[in-house]
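S.K.: Quick one: this structure, given as structure tokens, is what I'll be asking you about.
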Amino acid sequence: MKSPIGIFSMTSQRSHDDYQPLVIEKKWQDDWDKQNLYLTPDSDPNRPNRYHATMLPYPSGDLHIGHWWAMAPSDMLARFHRMNGYNVLFPMGFDAFGLPAENAAIQRGIHPQEWTTANIERMRGQLKRMGAMFDWSREINTSSPDYYQWTQWWFLQLFKNGLAYRTETLANWCPKCQTTLANEQVVGDGICERCESPVSQKSMPQWLFKITEYAEELLDFSDMEWPNSVLRMQENWIGKSEGAEILFEIDNPNISEVLSVFTTRPDTLYGVTFMVLAPEHPLVNDIINPEFSKQIKRYQEDSARVTEIERQSTVREKTGVFTGAYCLNPMNGEKVPIWIADYVLATYGTGAIMAVPAHDQRDFEFAQKYELPIKVVIAPENWSENQELEEAYTGKGNLVNSQEFTSLTASDAITKVIEHVESNNLGTKKTQFRIRDWLISRQRYWGAPIPIIHCVDCGTVPVEENDLPIKLPTEVEFLPTGQSPLSLAEKFVNVPCPNCGAPAKRETDTMDTFMCSSWYVYRYTDPANITLPVGPDATKNWPAVDQYTGGAEHAVMHLLYARFFHKFGRDIGVLRGNEPFLNYFAQGQVLGTDGQRMSKSRGNVVAPDEIVDQWGTDAFRAHLAFMGPWENGGPYSEGIIGISRWLNRVWILANSDYSQKNISSRDVEFLRLVNQTIQRVTHDLGEKSFNTAIAALMELTNALSASRESRDVTVENWNFSIKSLLLLLAPITPHISEELWRRSGEKKSIHLESWPVTDESALILSEIEIPIQINGKVKAKIMVPTDATEDTVLELAKTTDQVEKALAGEPIKRVIYVENRLLNIVI
RNA sequence: GCCGGGAUGGCGGAAUUGGCAGACGCAGCAGACUUAAAAUCUGCCGAGGAAUUUCCUUGUGUGGGUUCGAGUCCCACUCCCGGCACCA
């Protein structure tokens, strides 16, 4: 592929120079920088604030096409709103802590700090070449002490409010990254979100945040305009179930503990024929009948060896063993055998279930395998007593075999049974969530240290806020050993207890990097604040992000954590409002031209720098925006040549010395098209439909080319159309727009101009072409006055040859006329 | 299994409320300009047919339906993508 740029003939008869994007792009980027064009004031008396943000990049080394795909249209959107009279904040920064820095540093034998700083330098330059309106005065770097001091501050607030706690817990352990992971970071069939290794389980003391405290509120999406798919993902992840916790007495006078289970189907309580505990359930060892202890032990050991992935496989055949113990059904006192089986998860509900094989497929399969009784208590349609089920019946129906509850509908019975157990202290109504607390401990080096000191006498002591930041020591051996690298840094670890002064030890785990990105959008609004992460003036000016953009792969990670942080921040009086991101738009993912994910091994990586070198930033921006709907993503298209041709035509048009040659009546039509284009582009950019906005601009360009040839509109109208075109282009292709704007004699930047307004009166038509259908098939098209009545149109239609022929004297049964749309004659 | 989204020419895609399917662009074909190429400009471009500047038939994943009229609404299904998954 050879670049057409810069090889245009110099001998052409054109009166202007050629379009050289690289030259003008550099020129204007420097100029904008010099005049601080994109510095955003905290407020502006004449322009309401509007906050746009796009997810900040991880400084991996090079800006890749995914960054462009996410950020270039985001910039167009921010610029569009800026031109529409808002004081738009559109900041940029770097999410700089995290494993890749550490891994790269280990590979290259340099410090993660060095690697990160170099990458940020490089990527900042690449971002500047994008020509976006980023306000660089507010740039943040989450790995700088000025920033992570406040990440630590957030930890302390969570700790002081009882929402951060440390506990020995089974955690997801990535053997390759040598660190624990949050549930949200384990993807697919139990693999690490970062390195794609299979994740195992490991028990160790870990710090967690009680995101579960906010589970209910996190399900309230009422203040948010988000894609439905992302809301449903969060909803599924939070996983609310309503039901009851029911208490079963153990049938053994020596045991005082009761067995508690969670069920969403208290209506099926009379159908319980056995109980199942998870193998790890703490009650197992207490209730076990000694005769059975050997096989129970063996089963527990076996299931501990089975990986979490295998255990959660739905196709795996269910296994279990009888404990020899029984409990009593609280409704009727029936003796119910207690089993253990690993299809019951220790980590959900109470880690124990009441099994109702007739109405739960899993219990049904288990009962069949171990020949346990199956008792129907909800009658399927046309079911007769003692008829055996083929599978569990989970549908609606009325209760049978359920004493006083018999013949109630299942949904009524749920309420009645809950009332019954509550009034008899046999259980309570209960809402259960699937979401677990957020595990934030990482046993790696390149993260913010957790500001906690462990003292033998005082226990877990928070660092004084005045002592922040707790700086990450630089002289540390950070090779992954499974042990926190900070634990080897003696100077760091050994400190006096802030409480009693006795020798104590610092916490040596670092924080999950998702903590850094949970609050970063506020820091942009108040980047220099030295007393708070964000001050009250800033939250007043910028209470929330009005428009957030970024990939949906963060649906249940970043986007959920940030909502949790915001609600917590509100509750401690630091933040305003209920949500961090009022509008969120998830752009799709760009793939290689082969439709596969871009990767070096596949050799299908499209390098943005090369494209910019060859075609220019403006062409690349417009090309990305023109490829298709932003939310779809898809294979990268090679067709940037089309955009390049178009911009070249714009260049020629705007540089033309236009003079009118023919007096005509085309001016009305011409102005209509210009105004229609203003209307379409305004609508489309507002809807983030960049591809159709560009199509409309191309149509206008084509029409202008024709008018340039025919030279039959006034100079005034011509100039108006060119200015309109440049203004409409400004958010999409900021550099060529600026160059041509200034060449037209304007002294101020086009990016300080207002968005053009549609002249509605120019859109009014006196005549319109409408199709004439016979039985729904188009037979003719006729011009009619826009205010024509049905009768007029029908008479006009009848006079056309095609309609006359098609009617062939048949009587007209019916006429449908849609004003200014169509006429359909039914015969 | 559950939740969400999708399927339109050779390709990317367009189509306010049910109202002319295929805008805009790529690729392709033909032409103008040119010594030539690039650039620029013009025309053609879903399929089949009539023997062709026009007209007919057909056509938006499949099968039904509603309607004067369906890419769009309803029912059933197939395939693809994303998420969750023994969650009681």
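According to numbering that gives the first Met the number 0, the first sequence is numbered sequentially starting from 0.
Positions of the beta carbon are idealized from the N, C-alpha and C atoms, including for glycine.
(1) Where DSSP assigns a beta bridge to A340, which residues make up the other side?
(2) Tell me where the beta strand (DSSP E) around M203 begins and ends.
(3) Alpha carbons only, please: which of W650, S720, A357, H553 is nearest the one belonging to L739?
(4) Can you look up R457 in the DSSP assignment and give me helix, strand or coil?
(5) Could you check the C-alpha separation between N631 and N718 for me, to the nearest Å?
(6) From the DSSP output, in three-state form, read off R813 for me.
(7) Helix, strand or coil for M514 per DSSP?
(8) Measuring CB to CB, does Q200 end up less than 8 Å from R165?
(9) Tell whether a beta-carbon distance below 8 Å holds between I749 and L724.
(10) Of the residues E370, L76, N102, P144, which one's Cα is nearest the Cα of P526?
(11) Should Y269 and S401 be called a contact, given that it needs their Cβ atoms to be closer than 8 Å?
(12) Do G350 and L276 count as a contact pair if the criterion is CB distance below 8 Å?
(13) Beta-carbon separation of H358 and I337 under 8 Å?
(14) In whole angstroms, give me the CA-to-CA distance for E316 and R361.
(15) Could you have a look at P784 and say whether DSSP puts it in helix, strand or coil?
(16) Comparing alpha-carbon positions, which option in E389, T405, I352 lies nearest G396?
(17) Which runs of the alpha helix (DSSP H) fall wholly inside the segment 60-141 and span at least 4 residues, in chain order?
(18) Less than 7 Å between C-beta atoms, sequence neighbours within five positions excluded: which residues of the same chain meet that for A807?
(19) Suppose contacts are defined by Cβ-Cβ distances below 8 Å. Is T548 in contact with A537 by that definition?
(20) Name the residue from Y635, P448, Q294 whose alpha carbon lies nearest to the alpha carbon of T592.
(21) If we count the other Cβ atoms within 10 Å of its Cβ and call it buried at 16 or more, is K747 buried or exposed?
(22) Among residues of its own chain, excluding the 5 on either side of L839, which ones have a beta-carbon nearer than 8 Å to its beta-carbon?
(23) Where does the unbroken alpha helix (DSSP H) through H557 begin, and where does it stop?
(24) For L751, count neighbouring C-beta atoms within 10 Å of its own C-beta (all shown protein chains included) and say buried if the count is 16 or more, exposed if not.
(25) Given this structure, state the Cα-to-Cα distance separating K722 from P755, to the nearest angstrom.
(26) With H, G and I counted as helix, E and B as strand and the rest as coil, what does DSSP make of A621?
(27) Please state whether DSSP places D656 in a helix, a strand or coil.
(28) Need the endpoints of the beta strand (DSSP E) that L762 sits in, please.
(29) Given this structure, state the Cα-to-Cα distance separating N819 from P47, to the nearest angstrom.
(30) For N385, does the count of other Cβ atoms within 10 angstroms reach 16, so buried, or fall short, so exposed?
(31) With respect to the beta strand (DSSP E) encompassing V260, which residues constitute its N-terminal and C-terminal limits?
(32) Going by DSSP in three states, A163 sits in which element: helix, strand or coil?
(33) Quick check: the Cα distance between G500 and D511, rounded to an integer number of angstroms?
(34) Does P495 pass the burial test, meaning 16 or more other C-beta atoms within 10 Å, or should it be called exposed?
(35) Near E809, what residues of its chain come up, given a Cβ to Cβ distance below 6 Å and the 5 sequence neighbours on each side ignored?
(36) For T272 versus A354, is the C-beta distance shorter than 8 Å?
M.R.: Concretely, from the data shown:
(1) In DSSP, A340 forms a bridge with G319.
(2) 199-208
(3) If we check each option's Cα against that of L739, W650 comes out closest.
(4) The residue asked about is misnamed: residue 457 is Cys in this sequence, not Arg. In this structure, C457 counts as coil in the three-state DSSP scheme.
(5) 37 Å
(6) strand
(7) Helix.
(8) no
(9) no
(10) P144
(11) Contact flag set, yes.
(12) Against a cut-off of 8 Å, the Cβ pair of G350 and L276 comes out as a contact.
(13) I337 is positioned such that its CB atom lies no closer than 8 Å to that of H358.
(14) 10 Å
(15) strand
(16) T405
(17) 64-82, 98-107, 111-128
(18) Closer than 7 Å at the Cβ level, and outside the excluded window around A807, lies no residue.
(19) no
(20) Y635
(21) exposed
(22) Since the first residue of the chain shown is 0 and the last is 826, residue 839 is not available in this structure.
(23) Looking at the DSSP string, the run of the alpha helix (DSSP H) that includes H557 is 557-570.
(24) exposed
(25) 9 Å
(26) helix
(27) coil
(28) It is not in any beta strand (DSSP E) - L762 carries neither H nor E in the DSSP assignment.
(29) 40 Å
(30) In summary, N385 is exposed, with fewer than 16 beta-carbon neighbours lying within 10 Å of its beta-carbon over all protein chains present.
(31) 257-262
(32) strand
(33) 29 Å
(34) exposed
(35) A distance below 6 Å between beta-carbons, with the five flanking residues on each side excluded, links E809 to the following residues of its chain, in chain order: I826.
(36) In contact: T272 and A354 (Cβ atoms closer than 8 Å).
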